[in-house]
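Q: The structure that follows is given in the form of structure tokens.
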């Protein structure tokens with residue numbers, strides 16, 4: 649299980665990330681672009697992935713990581729159930745989301 653504190657600590661460890669409200673959720677942004685949100689009512693994270701990365705991560709277990717069920721899912725937005733995802737898979741997915749959104753010079757610092 650990933651706690652909100654673990655999510656926050658990991659997200660804020662990436663270069664130039666800020667935490668900000670996004671409607672009723674918490675968002676994590678780099679260069680004013682959201683790469684992850686946290687929904688405290690469901691204890692889910694939503695991350696931005698490429699279509700290929702979304703397919704790869706969803707293939708681990710699509711009951712744990714799966715596309716958002718609307719047009720946003722087709723754009724790479726992906727739900728992660730923080731109650732059951734493993735630490736390693738979550739860490740890899742969040743880093744991948746950061747690198748998808750961050751400028752290349754920042755993404756290269758964490759790859």
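Numbering (the numbering used here), first residue to last: 649 to 759.
From the three backbone atoms N, C-alpha and C, an ideal C-beta is built for every residue, glycine too.
Measure the C-alpha to C-alpha separation of residue 753 and residue 664 and round it to an integer number of angstroms.
A: Each residue's Cα considered, the two are about 11 Å apart.
Q: Would you mind stating whether residue 650 and residue 723 have Cβ atoms separated by less than 8 Å?
A: Contact: no.
Q: Grouping DSSP H, G and I as helix and E and B as strand, with all else coil, what is residue 672?
A: DSSP places residue 672 in coil when its eight states are reduced to three.
Q: Curious, which full-length beta strand (DSSP E) runs of at least 3 residues does the region 681-711 contain?
A: Qualifying beta strand (DSSP E) stretches, in chain order: 681-687 and 692-696.
Q: Going by CA-CA distance only, name the one from 656, 662 and 740 that's closest to residue 669.
A: Nearest of 656, 662 and 740 to residue 669, Cα basis: 656.
Q: Just curious, the beta strand (DSSP E) that residue 729 is in, first and last residue?
A: Element bounds for residue 729: 725-729.
Q: Does the beta-carbon of residue 751 have 16 or more other beta-carbons within 10 angstroms, so that it is buried, or is it exposed?
A: Exposed, because fewer than 16 other Cβ atoms sit within 10 Å of the Cβ of residue 751.
Q: With a cut-off of 8 Å on the beta carbons, I'd call residue 675 and residue 685 a contact; round off their distance for me.
A: Sure, about 5 Å apart at Cβ, within 8 Å.
Q: Among the residues of its own chain, which have a CB less than 6 Å from the CB of residue 714, if the five just before and after it don't count?
A: Closer than 6 Å at the Cβ level, and outside the excluded window around residue 714, lie 706 and 727.
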